[in-house]
Structures are given as C-alpha cells and as structure tokens.
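Okay, so here's the structure we're looking at.
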Amino acid sequence: MDSRDSLSSTPLNRDGPSGDDDGVLSVTAALAKDAALYFQSKKFAECVEVLNQLKQKKEDDPKVLHNIAIAEYFRDGCLDPKKLLEVLKNVKKRSEELAHASGEQVECFGNVGNKGIPGSKGSVGLSHQISTNSGSTIYMDEFDTSVATLNIAVIWFHLHEYAKALSVLEPLYQNIEPIDEATALHACLLLLDILLACNDASKSADVLSYLEKAFGVGSVCQGDNASMATQQSTNLFAKSASVPSSSLAMDVSNSDLAANASENPLSRTLSEDPLDEMFSTLDISGQNLSRSASHSSAKDAPRTLVDRSIFGVDLKLKLQLYKVRFLLLTRNLKLAKREVKLAMNVGRGRDSSMALLLKAQLEYARGNHRKAIKLLMASGNRTEAGISSMFNNNLGCIYYQLGKYHASAVFFSKALGNCSSLQKDKPLKLLTFSQDKSLLMTYNCGLQYLACGKPILAARCFQKAVSVFYKRPLLWLRLAECCLMALEKGLIKASGAPSDRSEVRVNIIGKGKWRQLIIEDGVSSGLVGKDDLNFGSDGQPKLSLPLARQCLCNALHLLNCSELNNLKSGLPASLEENESSEVVSSKNSNQRNLPTIDLNASTLFVGLGQVNSNGDAKVQKGGLIQETIQNSISYYEEICGRENQMIKQALLADLAYVELELENPLKALTVAISLLELPDCSRIYVFLGHVYAAEALCLLNKPKEAAEHLLIYLSADNNVELPFGQEDFEQWRVENTDDCEEVNGGSVAAKNPPENQHDFMFLKPEEACGTLYANLAAMSAIQGELERAHHFVMQALSLVPNSPEATMTAIYVDLMHGKSQEALAKLKQCSHVRFLLSSLQLNKSS
Amino acid sequence: MLNLSSTLSGHVRFLLQSLNEANADSVRRELSQFLGFGIEGSIVVLQTCLDYLNLDKAEADLKNSQVEAVIASTFRYALEKPNSCTVLCQSLGSADISEDFLENFSKVLHLSVSEKIGIGLALCESENLEARTCGKKFCVAQIEELNASPDSVDSYERIQNIILFLQCSEDLSKHVDSFMQMLSLVQVKDVAQFVLTPILSDELRETNFLRDMDLFHESAGNDFDAILAEMEKEMSVVDIMRELGYGCTVDVSHCKEILSLCLPLTEMTIARILGMIACTHSGLEENSNIFSSFSMALGCNTSSDLPLLSSWNIDVLIRTIKQLAPATDWVRVVENLDHEGFYIPNEAAFSLFMSAYRYACQEPFPLHAICGSLWNNTEGQLSFLKYAVLSPPEVFTFVHSGRQLVYIDAVHGHKLQLEDANLAWLCLDLLEVLCKLAESGHARAVKLMLEYPLKHCPEVLLLGMAHVNTSYNLLQHDVTSIVLPMIIKNSVGAGMILYLWQVNQNLLLRGLVELLKSEQDNITRIVEICLELKILSTVLEMIPFPSSIRLAIIASRKELVDLEKWLNDNLYMYKDIFFEECLKFLKGIQSGRSQDFSAKLFHHSSAVFFKVLKDQTGLISSTQLIEEMEKLQATIMDSNPKLQNGGTTESSSSDGYGDDIEAEANSYFHQMFSGQLTIDAMVQMLARFKESSVKREQLIFECMIANLFEEYRFFPKYPDRQLKIAAVLFGSVIKHQLVTHLTLGIALRGVLDALRKPADSKVCIII
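As they're listed, the protein sequences go chains Z and W. Just so we're aligned: the first sequence equals residues 794 to 1639 in this note's numbering. Just so we're aligned: the second sequence equals residues 246 to 1012 in this note's numbering.
So, in structure tokens, the structure goes:
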C-alpha cells in the first residue's frame, strides 16, 4: 500500500548516466554512485551538488535532470509539488523526444550508479523508483520514461487527483513488460492503490492477478513455507515492520454507511471515499521521512531481489492485504474474513496495524461496531496528527453507523482538528497534501450534518469535498438534498411559490358583525430578482433551488456517463493477458506449467488461481477462490448497478420536485415521466412520479391528463388503494444491508435499528394515500364535481387530519356548497391555522 | 383563470400603448412585477408583448424604440428566471417558430449570443417537435458563433446547460472541445464554478486545480478553520447525551467529561439538557457500551463495567452543572425552555423536569416564562402547560401568579373546590396564553385541556376568560357558549352576569345573542336577569336586530317593553335596515323555521309588526321592501285568519284560542320542558282540565292538545331532551285516553307515521 509513499519519500532515482565511452562512463558512474549514496543518507544538498557536476558532463541527459529535480525537491523539504510536476513533465517530454531521435537504441547498461534508494520505507513495495536503479541490472532504455511517469503519477496520487494519476499510469501499465522489475512493481502497486481508491473492482482484480503472477509469491495458504519465510523475514525486517502501513480502510466504508442513514438508501455508493487508503499512505510517508535512516536495512530489499524469499514474504503480505481490500470493496465479507486471517498469519511478528485496520473495517462492514472500535483502538499509536485524525474519523464513521450522529460529530471535528494542525505546518509539502485527508473527511462531516438536519453546514462540507469527489453522482445528490432540506426547513425560499405552506393564515378583518375571515392564498408578489445569485459575497454557496437543479443535472450526467461506459467496456480490458502470462512464467520460476491458453481465455483471475495452485493439493481450492473472486466482482457490479438505479430514482424524483418548486412544469413533467419509465422503479418513486406529473400537468392547464395519473390509484368504488406498502421500505433497507446479512444472518439486522431514520423522509403509506385523496379532491373540485370532491376530501381528512392542503380543499368545497359554518368549524379544528389580526386595510368600496 | 388572462393582457396592452419616455421605467417595473405572478401571469404577459410586437411590425414606421426596449427587458427578465423554459415555450407556443423567426426576434430585441442560446435551450424542451428541432438548430448555430468569437456568458448555469446539451448527443459532441477552449478564454463573473467541475475537460480542470492549489493552503487554512469553528459551534452536548444514553450521568466525573465537550455551559444549553432529559426519562436503549466506548475513545479512563442506569440521574446531573457553571441563573434557564424540540410527552416527564428544577433552585417557578407570552415553540409550551395545570400543588402551583381572578364577589359561596388545586384556573396569564395558543393552531388541544375546568369550575373559567381579548376570541366564545346557559339557569347567576357585563360586554352580548336563538325559557330568563341588572334597554340597543327583536317581543309579553313603541323608535332610527330585518323575522315565523314553542308566541306578535310597519312606510325609501311587506302580510293573513283583525282576535274558534289561553297553555309546556313540571303532573293536570267544568280550563286543555299535535311536525328538529319529554307526553296522552275520536286519530296517525320512517330518525323515540 505504500507504494505511493515511496513516492514521496522517494526520490526517484533515475540512475545515472550511462555514458557511452568508458572514460566518461567511469567518471559519471562514480559521480552517480556518490549521488546515490548521498541521497540514501539523506544528504540532499550534497547529492544535488554531485548531480550538478554530473550534469555538466552529461548535458541534457533527462535522467540527470530528473534526479536533480528529485534531489532538490527533497533538499528543500518537499516543497512545491507543482514545480516538481512541471520539471518531471519536461523531463518526460525530453526523454520522449530523445527517444524518438535516437531511434530504437537500447542500452543494456547496468545502471550501476543508481543513486537513490532513498529512504524508502522498509516495506518491500517501497520506493519503486529507487529500486529501479538499484535494480540488479535490468536492461534499461536510456530514454525510458517510466520512472518519470511513475513519479508524476505518485504526485497526482498524493494530491488526491486519482483520475489524473490513473490517466498517467494506465498507459504505463499497459506496456509494463519492458519496464524493469522494481519500477513495474511500484507502478502496479500504485495503480492498485489508485484503483481501489476509485472503487474500480474489476480493474483492481486485474492488476492484483497480474501482480500475483508477475511477482507471485506462492499462495499464502502454504502454511509451512509461509511461516518459514516469515521467520526469516522477521529478522531482516524487524525495523521495517515498525512502519505502520495502516490503511484505514474504514473510512471508506463508513462514509457509505453514513449515506444510508441519510434518507436514501443509496448509501452504498458513497463508499467511495477512498479515504482509507489515503490515510494509510499518509502515515507511512510521514514516518519514512523521519525514520528513513533507520531503515537502511530495508532498502536493501529491493536490490537484493536475488533473495527471492525475502522479497516474497513482504510482498506476499502486501498482496494479501490488497486482496483483503479488494474483497472488502466488493463486499465479499466471508472471503475477506478468511483472507484477513491469513494476512495476520503471514504478517506474524511484523507490524500488524494495517491488518488490524482492515479487520476493523471488516467488522464494521459486518455491523459489529463494538468489535470494530476495539480493533481500531488496538491498531496503533495515535500520537501523530495524521494517524490520530484517521483514527478519529474512523470512530466518527462507526458512531454514525450506530445512528449516533452527534457523537460522531465529536470525532469528525476532532479529526478535522488534527488535519488543521497538520495544515499549519507551513510551508506546504507534498506530504502535507497527501496526509491531509481533510477533504475526504469533510465529506463524512457533510453526511453527518445532513443526517442531523443541518443543511447549510452540510453543504459547506460537501462543497469542500467537491474537489475530490466531483465524479461521484452521489455527492451532487447530497448537495441537492442540502438545498431541499434547507427549503423544507424554511431556510431558503422557493422562487415563485409561497415557501411556507405548512400553515393556513387566517386574517380577521372588521369587527362585530362585520367581522370577516380572509384566508391568504399565498400568491406571492415577492420578486426574485437577479440578486438571487447562488453565491454570497464570500464565495460560499448559497443554497437555492437553482443550485439544487444544477447539482442534480451534474449527478444525472455523471450517472449516464458511467452507464454508457459500462456498456462500452462490457468486457474488462484483456490487454495484458498475453504479457502477463509471459511475465509470470519468467518470474515465477517455481511455478510450472502455466497454461497460457487458459490465461487468455479466462479472465484475469486465472493468475490468482494459479498461484494458489502450486501446492498440488490445493488446486481445487485455488479454483474455488478464482471463482469466488469472479463471483464477488459480478456480485459487486450487480450491487453497483442496483445502487445506481436507486440513485437515479432519487435524482429524478428530486429533480421533478425542484422543477415544480421553480414553477417549471414543462421540465418537471419530462423528468417525472422519465422517472416512471425507469425499469424496476420502486413503488414509492412510481407514486411520486405520478403525483409530480399530475401537478405539472395541472400547472400546464391540462387537468384531464393530470387526472389520469391520479386515477391509476383509484379503484372502482372510488377508494384509493395504498400506493405502496411498508414492504417497499423494507426493500430499500434490505438492499442496504444485504451483503452484511449474507455474512452473519439476522444479527446484523438486529443491530442496525437506528438506521431507520430515513423512513422519516418518506411519507408513510397511509399518508401517501391521504395525499392522493386530497389531490383527487382538489382535481374534482377544479372540474366542478363537488360531490366527488367532498367524498375524496373527507377520506383525505380522515387519513391526514392535519394536512393544511386537505383542510383548505375541504373548506373550499364547503364554501362552494354554501356551508360556511361547516367551513368555519373545519378551520377551527385544523391544527395549522393561525388567526391573525389583519394588517390589511380594506377601503370602503370593497 | 380566464379572467386573469384577459384582464392582464388587456392591461399589458394598455401599458404598452400608453408608453412614452416619461413612464418607460415604471411600465418596465410593472411588467416585471407581473412576471412575479406565477407562470400563468408570466405567460400572459409575454404572449401579449409578442403579439404587440407583431402588430407593431405591421406598421413598421410607427415602431417605437421605447416599446422595443421595454419588451426586450421584459423578455430578458423572464429569461433569467429559473422557469424560463416553461414560460418561453408556452408563450411562444402559438407563434410559428422557425429559425428565421428566432433570428428576427432576437435581432429586434437585441439579444446577446448567450441570451439567444438561452432561448434555444428553452425551446429544446418544448412539447412541440418542430419547435424542438428548430430550437436545437438555433442553439447549435449560436454556440458555433460563440466559439468563433468568444463573448461573455452570463452564468455558470448557462455554461453547464450548454455543455450538457452538447454532450447529450453524439453529433454535437464535436463542439464540446472548441467550447471548452473558448471557456478558458472567457471570464465569468460568477463564483459558482465548482458546479462545473465534473463536466469540464481534464485540461481545464487541471489548470483550475493547479491554480487553486496555491490558494489552497493559503486561504483554505482559514477556510477550514472557519468550518471547524462552525462545527464546534454546532456541536450539541444535548444530542450527544441523548445518543449516549443514561450512562452519561453515571457519576459526576463522567458527566463532567461529557458536558465539557462544549463549554461554556450557557443557560440555553442547560435548558436544552433539562428539556431533553425530561422527554427521555425512560425508554432510551439501555446500553452502557455505547457510552463507555465513547469515553474510552475520547481518552478518558473508564472501567468498562459501569452500572446500568434505567433513567437519568438528576442528582449527578445537577451537581455537575453546578460545578461547571456555578453562576447559572435558573430563571433564565426556564426562560430558555422555548427552543426547538422542547416537548413534555407525559406526566412522568413533567414531574422529572420539575424535580430537576427544584433540585437546582429553591425559588418558586418563574411563571412568566411559561405563560407570560406565546412561545415560538407553541407545541412545547402547550405540552408543558397541559401537565402543569393538572399537577398537584406540591409539584406545580400557580399560587404565586401575579394576575389572579378576583372572584370572591362574583361567585360568592358558589362551590369552588379549589382548595386542593394548584389555582391554575385563577391565573389570568395562563388563560390568556391558552386563548392565544388556541388561535395559533392548537384549538383542539386547548379545548381538551379545558375539559377539566369546564366540569369542575365552569363559572370561574368563564369569568377568567372574560378578561382576555385576542384577535379572534375563539376560545372565549366557545367557553361562553357552554357556560353561559348554565349561569343563566343558576339562581345566583345574576351576580356573575353583572361581573361579565362589567368586564367584557362584547363577550357577554355575544353569548346572549347565541342564547336568544335557542329556547324561549332562556329568553325569558335573560329578560329577567337584564331587568334585575337594569341593563335591558342597553342590551336591546347593542345586540343585532334579529336577536333584539326576539328579545323585545318576549319582554313585551312581560310588559317590560312597549313593543310598538320600540319598533317605532327603531324604525325612525334605522329605517330601511330595520324594516328589512323585521320582514326577515316575519318571514322566518311564517315559514315555521323558529323551532320552539316561542314560535307561536312570535306568531301572535306579527300583527303588531304589520301595524307598525304599515304605519311607518313613509320612512322607508325602498318601494321594493314595502311591496314585499304587503305580499308577506297577505300570505300570513291568508293562512292565519285570526290575525286579520289586527291582532285583537279573542274568538275561541277551533284553530284559534284567546291569547291568554294560548299563553297559559304555553307556559305549562315551558314548565314541563324546563323540568319544573313533571310529566305525570302534566298528565294529571290535563286530565283535570279535560273534565273541568270551567270553560276556560277546557279551552286550555284543547289548546294544549292541539298545540301538541301541531308541534308534531317539528319533532325532528327538537333537541334530544325535549324530544324525549314530548314523546312521553304524547304517549301518556294516548294512554290516559285524554284524546278521543278525531284527535285520537290524529295522534295515532302521528305514531304510525313515525313507525314508518327509518328507525334512526328522531321521531321514533316517541315510541
């Protein structure tokens, strides 16, 4: 997981120089060696000096430039990633140009002089770049851009720009074969981190299997081997172990959870928050810097690739942990539980904080929150700001999940407080950026405030999180929900319609027998002028309905795009299969007969299966696992698809509502109809779709067509059936938790009662029925069918006695019948009526 | 709706026609104001403008640039509104839309490219297919133009719409890139850029990102701190306690940890805590785990086996609060109870709250805080008062209230069992706040609260209510109409009426008016009381005519008022109005709508009415009224010949008895219906009269029987009690063979009739 860290810490070393003529070579080689030594011992200033000498010898060598940039970067304390990015890009460009110019010249040069193995961490995966150089002479293209590319990707990764990082790294991965082993390993690990951060299950399965094949360390299951290896490694790596490579996967999931709580069940999707990994990274890197000196032993690891077994055990642990993360991502909790146990075994004697964190995440996902808390507390020291902020965030997520929103706020704000103290570490370093999960945490805060009913603060949080999560439809949905909640709470006003329909205001005019009651009809005369921009002067978003509409449009757009993409890439890219098979064979010498054919034919996971299968006895098992992984991917995709459907329903319903509130019935109608056309639409949303469509049609002066939408619910005897039942709610809830239930039956369900909160947001079936009656009554009244209207409105009042709309309709019907006393009695009964001394002055003529 | 549109469009046309330089601004303002009247208004306005423009074009020479400017700005204004799509489509709906038309249209109105795109986008949503394709084409053309010569774009919302529009179909997506490029050249004033993030191209996003990154840690530091500060402000110890459960009050040190999460502990916070513990005094999930792991996570040393509490420990809580905030002003705490979410769900919660208060503070409860004025959280206030009024005095008392009803004189000696009560109903502040609550949507709940005093001390309640005036007087009137009849019947009622008269004449009069509509006995009793209090003439003057006429008639029976003179005086004074009221009254009698025995009484006064009315026709200006009067008189005379002689008929014809006989007969009925005379006594009396040798008594008997049968047709309108009495009497008369022959036939027919009707009709009760 730390691959990225490496980045940070790492200075990449592109090695030195490879001069053509021996004389120069020796000089340059010596210089390069010096530089590498300096770099390793963290004497960056000296390193830069040496490199500059080197530069004079080898003007224009991109590798030298690259190394200078990295060394300078470290010398200056990792400031200004932007500048580094620029330099690296130039180097890359330069290399490409040179490569172009020099044709296919390949140099098989041992880059003896590699410099830097920088203070990477002890963990195996460390500094990829570094390893590159050190690499036991693997052939290298002088103009190879892979290291520069990798470093660029690392920087983007640390800046939380995953899409960017991915776009840089993917081409590298697709052409990974010629790249030297260490760089390739780092690239793969980084890619895996990014993909997991992006919740891309199928691609990460792909990379995972490639890793197993290429660097494959036999299956973890092999107890004996593993334990032996472990022992060995223990000695060697004792120090490295101390690096807590904790990836707090927790956060991620939490956020999802959180999502549940808020009304929509869409929660899952939220899980997006890549936070987890990020966290882990942070810590690590932080430590690297400070401790790298002590890790020297660790550094050797990459070089001494020769010592396969050592490389193996650490990598094995790493891969095992990645596997667990992958399984957690795909919510295959059963398997994840088994794999995490294995990981604990493999990592015995080593730092287990990462495994503990994953275990905590697992328990969290299973709903054993208390156990999760215990694991979290056991997982490491919390003295460092970065780690303690993750710890607090994770606790916040757990309490959120328990339905204790305000308690979770305590932890979230502590977590952000930790971050803020990190941020105060000026000047800004890349590390600071990468350790700063505050943006991710603010998303969690946003969810929590939404659940607590504080839309404005929630929106501020979500807005911060936009810079990380802008690709997630759910984020935009949440922002829109903030607007809607603010509207409901009367914090903002709808543009045209009166915002406060919750009470009927009755004005009393005149005195004695001339006293009259006047009911305000709510036609607003307030003008919404241009000043009603979305933003206040301070650049903070001002919640408004137009803003909600924009957010919903974004979300729909993103959702549609992802659906399109899914369609297009129905088959997971199988580019690498060929290569990978070769790689596997070359690298895993101990693995015999790799049936390449199979590889091609079957999916990526074959690799995994194969790996496991070296123990003959385990062939079967291997096959099983492969199948399960395949299953868990398809299961996960199914879940994602369902979740997207849910999001879409919510989006369309919200959008129709917003358009109605904005008095834009044309658009509202289109949206409501597309909601009704969704396949497998929940009955709840079908109901909303019909009601919204009917209202839009009324506004467009087409009462007949509107009636058609409502009459659907009317049975022959003029009664309305329940438009949806309690079981429809259950459906949403089950979908939320179903994966958990698979794992441990009913207990989960029993444990999450607080989540029911989202029920509140929907009408109860009876209320929905009452609303329908009220609407039917209004419709009949408009069409002049007073008797029918009377029948409906009485039904409505019996179901929703406190609804102002139903009361007003009833009063209207009574007045049309000339029964003013009855109307008055109804006014007095209704609990939303406020009698006011009128401020209106009538003039005599009226 | 039709009305609105025709009126509005007429008005708009007028405005445009009368437009000149001087009023251009005001017309423009007025037009944009119309656009605020929902979509209907907007559509009409735009349509009218459009029509006007077309008309105008016909006489191109006369084109008035002012008109164009005004219409253009109106359209622009409509375009800016969030519902521009519907409004534009609907108002352009009738026009023949073509690209030429749009081109022309925007030229005339001098629309900018961005505005033109807005129109095009709006048309894309039209229901009309042609308009849709045309809008699309128009849009694409304008976007191309925009790309070619970058111009400013109004808002990010427009940009978003454009991008989404371009991206949604394959053939347009080629424009996306050039549009994005254009965007990087254009500066938009708006700050809402973050909304665009997901749809920008990667390059643009990267530039933005890098630009922001520098700013990020410079400004964002502060920004984050601002959010953090906000978060700390929003942290609510109350909700945290609720979530963590009773464990928070396990002992002072733990309680302190929790309460210290948001210091300082203000009175507001304390009020919220008290409110919260009151409504969660039981039923929170008993899970000490949650609390212990919470405090463990916070880094407090907590042994994991804390005792399990089943409710809040008030002692610990209050002690902790006193330690953390020793200077707390408890009166202010109570004043802060008016907060969102405060609600007392039941009696146990109330007593828990009160015991917490007593524990914290020895002073009497500050009544002004709960019934001094209406809270914002009316529901919470109501829930508190509901239990406060019912509490025994040791839990809650109103005895120290500043404004109490001074009732001793008015209700002297009257049973007021207030000794063991908390004197709630003497507290005028309480009554006032209840009246206000009733008028702010809680009428039903407040009436439920009043059930107890209505049963146990109705008079006190009414007298107290009389002191309260609110905008609608909803509750006061309700109480009056329930209690006043009781007082009227009460032998010592006069004292209370006097008190009411002094305190709140309006309320009393309103109650009386309502009473006057009911039984005659009440009217008689009212007359007596008014006489006793010497307020009869004032009352007659002050109440509305329909009631005062009735009151005057009854009073004239007792010779307390000279009906003829009274009628004359009022006719002089009020002329047509009074004349009309008299006619209404007479009509009412004639159609038999007066439901009780007094109808008969009134019947007999009609002669006086006609006499006076006829005499005074000179005062009346409306001939219509006079004609009506004459017509009415004719019908009444026809149906009731005994009135023909101007009301002096003394003949004892079969269907008319002497007034005195009639009056006496009626008085017996009254006695019977008011319970002063039992039915048995009545039957015996009737039997005696029947056999009596005195002619007058025989007449009375006949008159009563006739009246009884005549009343038969009004039985369905009788109140239940009277109906039962009448039914028994009816039966007894038959049983005791007081009726024979012809009259027996009538009686039996009545009974048979009743049987034939559906079983639930009221008349069945007779049998």
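A virtual CB, placed ideally from N, CA and C, is assigned to each residue, including glycine. What you are looking at is a predicted structure, and each value in this text was computed from that prediction instead of being measured.
For chain Z, is any of its Cβ atoms less than 8 Å away from the one on Ile-472/W?
yes
Hey, quick one: how far does the beta strand (DSSP E) through Ile-1302/Z stretch, first residue to last?
1297 to 1302
What would DSSP say about Phe-641/W, mapped onto helix, strand or coil?
coil
Let me make sure I understand the geometry here. Which of Met-1609/Z, Tyr-831/Z and Pro-1594/Z has the alpha-carbon closest to that of Lys-1621/Z?
Pro-1594/Z
Against chain W, with Cβ distances strictly below 8 Å, would Ala-1571/Z count as a contact?
no
Go ahead and label Glu-1488/Z buried or exposed: buried means 16 or more other beta carbons lie within 10 angstroms of its beta carbon, across all protein chains shown.
buried
Using 8 Å for Cβ pairs, my map puts Ala-601/W next to Ile-522/W. What's the rounded Cβ distance?
7 Å
Applying the 10 Å Cβ sphere with the 16-neighbour rule, what's the burial state of Asn-1347/Z?
buried
I'd like to know whether the C-beta of Ala-1202/Z is nearer than 8 Å to at least one C-beta of chain W.
yes
As a quick exercise: from Glu-580/W, Glu-786/W and Gln-921/W, pick the residue whose alpha carbon is nearest that of Met-818/W.
Glu-786/W
Would you mind telling me which residues of chain W sit closer than 7 Å to Gln-1343/Z, beta carbon to beta carbon, in chain order?
Glu-402, Gln-405 and Val-440
Is Phe-790/W helix, strand or coil when you go by DSSP?
helix
Within 8 Å of chain Z by C-beta, residues of the segment 676 to 696 of chain W in sequence order
Glu-684, Ser-685, Gly-686, His-687, Ala-688, Arg-689 and Ala-690
Using a Cβ-Cβ cutoff of less than 8 Å, which residues in the same chain neighbour Met-480/W once the five nearest sequence positions on both sides are dropped?
Leu-506 and Cys-507
In terms of residues, what are the limits of the beta strand (DSSP E) holding Ile-1312/Z?
1309 to 1312
Consult DSSP for Arg-1124/Z and reduce its assignment to one of helix, strand or coil.
coil
Measure from the C-beta of Tyr-717/W to each C-beta in chain Z and report whether the shortest distance is under 8 Å.
yes
Bridge-paired residues (DSSP) for Phe-1628/Z:
Val-1299/Z
My guess is that Leu-847/Z and Ala-828/Z are in contact by the Cβ rule of under 8 Å, so how many angstroms apart are they, rounded?
7 Å
Any C-beta of chain Z sitting closer than 8 Å to the C-beta of Ser-538/W?
yes
Measure the alpha-carbon distance for Leu-529/W versus Cys-493/W and round it to whole angstroms.
12 Å
Is the CB of Leu-260/W under 8 Å away from at least one CB in chain Z?
no
Cys-1238/Z and Cys-1212/Z - do their beta-carbons sit closer together than 8 Å?
no
For chain W, check one thing: does any of its Cβ atoms lie closer than 8 Å to the Cβ of Tyr-1157/Z?
no
Once you ignore the five residues that flank Leu-260/W on each side, which residues in its own chain have a CB closer than 8 Å to its CB?
Val-272, Glu-275 and Leu-276
For Gln-840/W, would you say it is in contact with chain Z, using Cβ-to-Cβ distances shorter than 8 Å as the test?
Residue placement at Gln-840/W cannot be trusted, given a pLDDT of 48 that sits under 50; the coordinates are not used to answer.
Quick one: Cα of Phe-643/W to Cα of Asp-574/W, how far?
21 Å
Taking only three categories from DSSP, how would you classify Cys-672/W?
strand
Have a look at Phe-279/W, Val-315/W, Asn-299/W and Ile-284/W and flag the residue whose alpha-carbon is nearest the alpha-carbon of Ser-263/W.
Val-315/W
Closest by C-alpha distance to Leu-1351/Z, when choosing among Val-440/W, Ile-774/W, Thr-331/W and Asn-952/W:
Val-440/W
Opening and closing residue of the alpha helix (DSSP H) in which Gln-1614/Z lies:
1613 to 1622
With DSSP run on the structure shown, which of helix, strand or coil describes Leu-1515/Z?
coil
Does any CB atom of chain W fall closer than 8 Å to the CB of Phe-950/Z?
no
Along chain W, in chain order, which residues have C-beta atoms closer than 8 Å to that of His-1625/Z?
Gly-686
Consider the Cβ of His-1088/Z: report whether some Cβ of chain W lies at a distance smaller than 8 Å.
Per-residue confidence for His-1088/Z stands at a pLDDT of 27, beneath the threshold of 50, marking its modelled position as unreliable; no derived number is given.
Of all the residues that make up the segment 473 to 496 of chain W, which are near chain Z by a beta-carbon distance shorter than 7 Å?
Leu-473, Glu-475, Met-476, Glu-477, Glu-479, Met-480, Ser-481, Asp-484, Ile-485, Glu-488 and Leu-489
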